[in-house]
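One structure is given here, and the rest of the page talks about it.
Residue numbers (the numbering used here), protein chains in the order written: chain U, 1173 to 1282; chain D, 69 to 185.
What follows is the structure, given as structure tokens:
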């Protein structure tokens, strides 16, 4: 699997936007960019995924660079409940499981 | 949204005993399920891929005789930790793959915290 690189941790204030970066310079043309998050003592939760175009859903937005070598997960208005480890993962179209890196530990200050 | 139910959420057992963890996909048929293990302050590590009606595929370094996986139906996969020892204490998480689409999202259970005394 192609590798992703994320900052170990980030800190933000409540009710402010958060931009979580991810580098994936070895991404292949068929790899989807997935984001999951894991709250303490819980299983991961799907956040968003995309291929080439930017994507929006009720949880977040995903901005994908034109060359697809990087992407940014955007939480428009962070709440304390968004404090979690966020994983950026590349996934092809096969039946393989996800390969988790270390992710970014997002800390939200009240 | 789709839900994956994992049970039990927490189990404490004595060394040498076996523990079974169940993973159910509640509103879709999952021909493929995945089992992960997570140690404290570490990321999830894929243990095995479970395919309905066939033998599981284990990742390198995972003992298939110790971690028995059964995927007898399209909605249920089980992981049995046999002859558990304290070093098997970990957070075990299952995941289910919906049957359609490319690059589709996966759904995860809430995890099972196993503590072996």
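Cβ atoms here follow ideal geometry from the backbone N, Cα and C, with glycine treated the same way. What you are looking at is a predicted structure, and each value in this text was computed from that prediction instead of being measured.
- Annotated three-state conformation of residue 172 of chain D is coil, per DSSP.
- Residues 97, 98, 99 and 120 of the same chain have their beta carbon placed closer than 7 Å to that of residue 142 of chain D, with the five preceding and five following residues left out of the count.
- Taking a cut-off of 8 Å for Cβ pairs, the segment 1223–1237 of chain U and the segment 1199–1206 of chain U touch, as three or more such pairs fall below it.
- When secondary structure is reduced to three states using DSSP, residue 1187 of chain U falls in the coil class, being assigned neither helix nor strand.
- Within chain U, the residues placing a beta-carbon under 7 Å from that of residue 102 of chain D are 1269, ordered along the chain.
- Nearest CB-CB separation between residue 1258 of chain U and chain D: not below the 8 Å threshold.
- If you check each beta-carbon in the segment 94–119 of chain D against every beta-carbon of chain U, the ones closer than 7 Å belong to 100, 102, 111, 112, 114 and 117.
- Per DSSP, reduced to three states, the secondary structure at residue 154 of chain D is helical.
- Beta bridge pairing from DSSP links residue 1199 of chain U with no other residue.
- Shortest Cα-Cα distance from residue 182 of chain D to any of D/150, D/92 and D/126 involves D/150.
- Secondary structure note for residue 119 of chain D: its beta strand (DSSP E) is the uninterrupted segment 113–119.
- Counting C-beta pairs closer than 8 Å gives three or more between the segment 1177–1197 of chain U and the segment 1256–1266 of chain U, which meets the contact rule.
- Residues 1279 of the same chain have their beta carbon placed closer than 6 Å to that of residue 1183 of chain U, with the five preceding and five following residues left out of the count.
- Residue environment: residue 109 of chain D is assigned as exposed (fewer than 16 neighbouring CB atoms within 10 Å of its CB, all protein chains considered).
- Any Cβ of chain D closer than 8 Å to the Cβ of residue 1216 of chain U would place that residue at the interface, and such an atom is present.
- Contiguous beta strand (DSSP E) elements confined to the segment 1235–1279 of chain U occur at 1242–1247 and 1256–1263, taking only those with 3 or more residues.
- Neighbours of residue 129 of chain D across chain U, judged by C-beta separation under 7 Å, do not exist; the nearest C-beta is about 15 Å away.
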